[in-house]
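Colleague: Pasting in a structure now, in structure tokens, and then I'll have a few things to ask.
Dropping the structure here:
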């Protein structure tokens, strides 16, 4: 906890609109496709991107992730650090507003946002967008809209936890399991008990089985009731307690991703859709991945052991060829497609491995049919090139070859 406020002091329509990959074992955070007849909506995200490396890291990946999610799920995503755009005229152009790492502090911006919400606008907020040590700068936001009052405490260090779904009947939680594994985050608690506020609908909270929470004994929660995701019944809004990556502060290196949990990503996309006036559960996109020579991407021998090779093979409709496409992951047999040993060199083989949200398991489909591993900057490639059964898949510098073109489930 190096000198930062967070680290020291606390610190179908949608059914047809969305199809996201809810794979805890695969494309963690995969983004689904919007149906052709789904009308797009617009999201604008306000942030600063200047305070605390963990928040800045979240801002950066959120801007990349939501842009991709929007392109595949029928909404546009506009990030901005210009808080002067938080005015009546600009907000009228958008169906959903996000606050990534702060909230507005000028009276005109606060007034515009409050009027926007009262008029039926949508809102999705994250973590530090609720932080305050004095609610007097905007009582409506802290005491009424969020219902939190002042910040009370935070856990440390950042951890992944088991969240319990408290309201399975809300559109944002539709179709989710009774519990889900969160991404890594620092967690906040608040002055006010949200359970006692009849206007607040707690959607998810820390599961009793997840305690203790934290790694520093002096900043660990050992028991209690800690809401993590909630909504205000009078508004189309959802607040998420997460949005703080684990960091190596000395090297400014992110050690986790807020979008590493497929189930949490599904929750986020359903929150956004509901806030925009759409609703319905998200269905994962899954099926065969077809590639070079018309062959399918296959888990060798149908085995699910870590390190099992990923190869080309005659398409046969088995589970070894059924891939779930997440926003950034590909999974089969409950595990993720993985670059062996997080390698970045040409020829590094691709395997099946426990899903862990790492860069070696991040895959992004491109418009030209390639599938890129951003960590290495290289493409998924059939070695040789060959289309023979058993041809291993690898990463290789991206090119024009047919052995790097893939058709993913839609």
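Residue numbers (our numbering): 18 to 427.
Each residue gets a CB set at the ideal place from its N, CA and C atoms; glycine is no exception.
Quick caveat, the model's predicted, so the values are computed rather than measured.
1) Please say whether residue 312 and residue 329 have beta carbons closer to each other than 8 Å?
2) For residue 268, does the count of other Cβ atoms within 10 angstroms reach 16, so buried, or fall short, so exposed?
3) Compute the beta-carbon to beta-carbon distance between residue 62 and residue 92, rounded to the nearest angstrom, for a pair I have assumed lies under 8 Å.
4) In three-state DSSP terms, what is residue 309?
5) Can you have a look at residue 53 and say buried or exposed, based on whether 16 or more other CB atoms are within 10 angstroms of its CB?
6) When the Cα of residue 141 is compared with those of 79, 302, 73, 214, which residue comes out closest?
7) Whether or not the stretch 247 to 260 and the stretch 213 to 220 are in contact is what I'm after, with contact meaning three or more pairs of Cβ atoms, one per stretch, closer than 8 Å; do they touch?
8) In angstroms, rounded to a whole number, what distance separates the CA positions of residue 171 and residue 236?
9) Alpha carbons only, please: which of 365, 181, 136, 192 is nearest the one belonging to residue 198?
10) For residue 156, count the other beta carbons within 10 Å of its own beta carbon; 16 or more makes it buried, fewer makes it exposed. Which is it?
11) Tell me the rounded alpha-carbon separation between residue 336 and residue 272.
12) Please decide whether residue 425 counts as near chain D, where near means a Cβ-Cβ distance under 8 Å.
13) Only counting the same chain, and skipping five residues up and downstream in sequence, which positions put a Cβ closer than 8 Å to that of residue 383?
14) Would you report the Cα separation of residue 114 and residue 107, rounded to the nearest angstrom?
15) Measuring CA to CA, which of 136, 342, 368 is closest to residue 357?
16) Quick check: the Cα distance between residue 229 and residue 173, rounded to an integer number of angstroms?
17) Quick check for students: name the residue ranges of the beta strand (DSSP E) that lie wholly in the stretch 313 to 390, counting only runs of 3 or more.
18) Shortest alpha-carbon distance to residue 408 belongs to which of 400, 71, 101?
Modeller: On the basis of the coordinates in this document:
1) Here residue 329 is taken as the residue at index 312 of the chain shown, counted from 1. Here residue 312 is taken as the residue at index 295 of the chain shown, counted from 1. Going by C-beta atoms, residue 329 is nearer than 8 Å to residue 312.
2) Taking the chain shown and counting its residues from 1, one reaches residue 268 at position 251. So residue 268 ends up on the exposed side.
3) The residue given as residue 62 occupies position 45 in the chain shown. The residue given as residue 92 occupies position 75 in the chain shown. Going by Cβ atoms, the distance from residue 62 to residue 92 rounds to 11 Å, so no, they are not a contact pair.
4) Walking along the chain shown from the start, residue 309 turns up at place 292. In this structure, residue 309 counts as helix in the three-state DSSP scheme.
5) Within the chain shown, numbered from 1, the residue matching residue 53 stands at position 36. Note that residue 53 scores 36 on pLDDT, short of 50, meaning its location in the model is unreliable; the coordinates nonetheless yield the value given after this. Exposed.
6) Numbered from its first residue, the chain shown carries residue 141 at position 124. Cα-wise, what sits closest to residue 141 is 79.
7) yes
8) Working through the chain shown from its first residue, we reach residue 171 at position 154. Working through the chain shown from its first residue, we reach residue 236 at position 219. Answer to the nearest angstrom: the Cα atoms are 7 Å apart.
9) Within the chain shown, residue 198 is the residue found at index 181, counting from 1. Among 365, 181, 136, 192, the Cα nearest to that of residue 198 is on 181.
10) Counted from its first residue, the chain shown places residue 156 at position 139. Answer is exposed; the Cβ neighbour count stays below 16.
11) For the purposes of this step, residue 336 is taken as the residue at position 319 of the chain shown. For the purposes of this step, residue 272 is taken as the residue at position 255 of the chain shown. Spanning the two alpha carbons is a distance of roughly 32 Å.
12) Included in the structure is just one protein chain, with no chain D present.
13) Here residue 383 is taken as the residue at index 366 of the chain shown, counted from 1. If we look at residue 383 and ignore the five residues flanking it on each side, its Cβ neighbours are 389.
14) Looking up residue 114 in the chain shown gives position 97. Looking up residue 107 in the chain shown gives position 90. Computed Cα separation, rounded: 11 Å.
15) One-based indexing of the chain shown puts residue 357 at position 340. Here the closest residue by C-alpha is 368.
16) Your numbering for residue 229 matches position 212 in the chain shown. Your numbering for residue 173 matches position 156 in the chain shown. In a straight line, the C-alpha of residue 229 is about 11 Å away from that of residue 173.
17) 313 to 316, 327 to 330, 340 to 342, 347 to 349, 352 to 356, 367 to 370, 388 to 390
18) Mapped onto the chain shown, residue 408 falls at position 391. Answer by Cα proximity: 400.
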